[in-house]
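Q:
2 protein chains.
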Amino acid sequence: MKYYHSIGPSPATARFFIAEKGLDIELVTLDLMKGENREPAHLERNPLGQLPVLELDDGTRITESIAICETLEELFPTPPLIGTTLEERAETRMWTQRVNLGIAYPLLKAFQFGPGRVVYGSRTYTNPETVAGLTGLAFYHLEWLDRHVSDQFLCGPRFTLADILLFSFVTFADSHGNPIDKKLKRVWSWIERVEARPTMKRL
Amino acid sequence: MKYYHSIGPSPATARFFIAEKGLDIELVTLDLMKGENREPAHLERNPLGQLPVLELDDGTRITESIAICETLEELFPTPPLIGTTLEERAETRMWTQRVNLGIAYPLLKAFQFGPGRVVYGSRTYTNPETVAGLTGLAFYHLEWLDRHVSDQFLCGPRFTLADILLFSFVTFADSHGNPIDKKLKRVWSWIERVEARPTMKRL
Numbered sequence: 006m007k008y009y010h011s012i013g014p015s016p017a018t019a020r021f022f023i024a025e026k027g028l029d030i031e032l033v034t035l036d037l038m039k040g041e042n043r044e045p046a047h048l049e050r051n052p053l054g055q056l057p058v059l060e061l062d063d064g065t066r067i068t069e070s071i072a073i074c075e076t077l078e079e080l081f082p083t084p085p086l087i088g089t090t091l092e093e094r095a096e097t098r099m100w101t102q103r104v105n106l107g108i109a110y111p112l113l114k115a116f117q118f119g120p121g122r123v124v125y126g127s128r129t130y131t132n133p134e135t136v137a138g139l140t141g142l143a144f145y146h147l148e149w150l151d152r153h154v155s156d157q158f159l160c161g162p163r164f165t166l167a168d169i170l171l172f173s174f175v176t177f178a179d180s181h182g183n184p185i186d187k188k189l190k191r192v193w194s195w196i197e198r199v200e201a202r203p204t205m206k207r208l
Numbered sequence: 006m007k008y009y010h011s012i013g014p015s016p017a018t019a020r021f022f023i024a025e026k027g028l029d030i031e032l033v034t035l036d037l038m039k040g041e042n043r044e045p046a047h048l049e050r051n052p053l054g055q056l057p058v059l060e061l062d063d064g065t066r067i068t069e070s071i072a073i074c075e076t077l078e079e080l081f082p083t084p085p086l087i088g089t090t091l092e093e094r095a096e097t098r099m100w101t102q103r104v105n106l107g108i109a110y111p112l113l114k115a116f117q118f119g120p121g122r123v124v125y126g127s128r129t130y131t132n133p134e135t136v137a138g139l140t141g142l143a144f145y146h147l148e149w150l151d152r153h154v155s156d157q158f159l160c161g162p163r164f165t166l167a168d169i170l171l172f173s174f175v176t177f178a179d180s181h182g183n184p185i186d187k188k189l190k191r192v193w194s195w196i197e198r199v200e201a202r203p204t205m206k207r208l
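Those sequence lines, one after another, are chains A and B.
Using our numbering, the first residue of the first sequence is number 6, and each one after it goes up by one.
Using our numbering, the first residue of the second sequence is number 6, and each one after it goes up by one.
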């Protein structure tokens, strides 16, 4: 099995997931800045030219961080990062989608359309007039989260994929042009709890 | 088990999923236009005030269409709409996320920030300056899809959650202010194939 990754929050998500599982998977690093992910060899792995990609031993290629993490959870259920019961998995998937749609994706596009446009402008769709709205959308949901996040993790006592996804994207945004407001005290306290784990490092 | 739903593409996604599975689940319809989903009874079900919500017999409440469909697939695996093997599930989840992030969510927000603002403006974050960029983002991915969609369904011969999700959002957009360009011939041919199923109706 091979995990193709690069800098950036999407590849970090499944990389943190692999580290939390304690898995020994071959990592293949592509140079995003040089555009190695837009070369024919990678377009064959993922016709969208994006990273990450998980390549199974039979050659099956899986893209999209959440699909990759779901697959790794099935292959290596311990320690659980999605869940061991129907209710746990449902709760994790609910929080993962809330984070993904409301926060992670808007922050990613705000970066690609804004400070990242020097790299992404020639590679994919960008629209600088949309940066303020995408940032506003993400922060609307971060403020909502600040009122609803538990004193532990997104799914209470369980540290899950939802936490990993949120951590990757908010710490990336915070250090790449979209600082997370210090008034979001409960979100910051959650960031510190996640960061205390040996596998998790702010992007 | 109860499924709380309303008009709109997100509730339609899991409703189509339920219909394709042939399940007899109690449907509870809320009046979105009157804002029943923003009343205390519903905020207790989902503090984001959104629909749909699946309520299990033990009282567990699950929001987010994809999390609901994953849960229904676990409870009622036949007919499979996510997959019966690891590789099938991985492929479905990959396509579901591609559709969700690249097409469905941008189209939903383009509607809420644009023609739907008369309803959503007082309920959640909206930003009319962002409509063009969100629409552009969705159509960039629809054009990509037009080059990559198979002559059958998104996962080849298998009709899956990814098709249901895409169908709900593109047909909703098409009839609510964001017409799907007729030049996207392969996407339109796919719409017609999906629509030929007895359970699927354009929104």
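The beta carbon of each residue, even a glycine, is placed where N, CA and C say it ideally should be.
Does A/Arg-202 have its Cβ less than 7 Å from a Cβ in chain B?
A: no
Q: Can you tell me which of the three DSSP states A/Glu-93 falls into?
A: helix
Q: Starting from A/Leu-159, trace the alpha helix (DSSP H) in both directions and tell me its first and last residue.
A: Boundaries for A/Leu-159: no alpha helix (DSSP H) harbours it, and the DSSP string shows neither H nor E there.
Q: Taking only beta carbons into account, state which residues of the stretch 130 to 163 of chain B come closer than 9 Å to chain A, listed in chain order.
A: Those would be Tyr-130, Thr-131, Asn-132, Pro-133, Glu-134, Thr-135, Val-136, Ala-137, Gly-138, Leu-139, Gly-141, Leu-142, Phe-144, Tyr-145, His-146, Trp-149, Arg-152, His-153, in chain order.
Q: Taking Cβ-Cβ distances shorter than 9 Å, what residues in chain B pair up with A/Thr-68?
A: Met-99, Gln-102, Arg-103
Q: Which residues bound the beta strand (DSSP E) around B/Tyr-9?
A: B/Tyr-9 -> beta strand (DSSP E) spans 7 to 10.
Q: Thinking just about the alpha-carbon of each residue, which of A/Thr-204, A/Arg-198, A/Ala-178, A/Gly-182 is nearest to the one in A/Pro-14?
A: A/Ala-178
Q: How big is the Cα-Cα spacing for A/Phe-21 and A/Ile-169?
A: 7 Å
Q: Are A/Pro-111 and A/Leu-139 touching if we call contact CB-CB under 7 Å?
A: Yes, Cβ-Cβ distance for A/Pro-111 and A/Leu-139 is below 7 Å.
Q: Strictly under 7 Å for the Cβ-Cβ distance: is B/Glu-60 near chain A by that measure?
A: With a threshold of 7 Å between beta carbons, B/Glu-60 makes no contact with chain A.
Q: Applying the 10 Å Cβ sphere with the 16-neighbour rule, what's the burial state of B/Leu-80?
A: exposed
Q: B/Leu-28 to B/Thr-165, Cα distance in whole Å?
A: 16 Å
Q: Near B/Ala-24, what residues of its chain come up, given a Cβ to Cβ distance below 6 Å and the 5 sequence neighbours on each side ignored?
A: Cβ neighbours of B/Ala-24 beyond the five flanking positions: Thr-204.
Q: For the beta strand (DSSP E) containing B/Thr-68, list its first residue and its last residue.
A: Per DSSP, B/Thr-68 belongs to the beta strand (DSSP E) from 66 to 68.
Q: For B/Asp-151 versus B/Leu-189, is the C-beta spacing smaller than 7 Å?
A: yes
Q: In three-state DSSP terms, what is B/Leu-59?
A: strand
Q: Let's see if you can read the secondary structure: which residues bound the beta strand (DSSP E) around A/Leu-48?
A: Looking at the DSSP string, A/Leu-48 is not in any beta strand (DSSP E); the run it does join, the alpha helix (DSSP H), is 45 to 50.
Q: Please list, in chain order, the chain A residues whose beta carbon lies closer than 9 Å to that of B/Thr-214.
A: Outside the displayed range of chain B (6 to 208) lies residue 214 of chain B, so it cannot be described from this structure.
Q: Rounding to the nearest angstrom, what Cα-Cα distance links A/Glu-200 and A/His-146 in this structure?
A: 21 Å
Q: Can you give me, in chain order, the residues of the stretch 25 to 54 of chain A that have a beta carbon less than 8 Å from any beta carbon in chain B?
A: Pro-52, Leu-53
Q: Could you work out which residue in A/Leu-32, A/Leu-61, A/Gln-55 is closest to A/Arg-43 when comparing CA atoms only?
A: A/Gln-55
Q: Among A/Tyr-125, A/Phe-116, A/Gly-141, A/Arg-163, which residue has its Cα nearest to the Cα of A/Thr-176?
A: Nearest C-alpha to A/Thr-176: A/Phe-116.
Q: Can you say whether A/Glu-197 is buried or exposed, counting buried as having 16 or more other CB atoms within 10 angstroms of its CB?
A: Classification of A/Glu-197: exposed, given that the 10 Å Cβ count is below 16.
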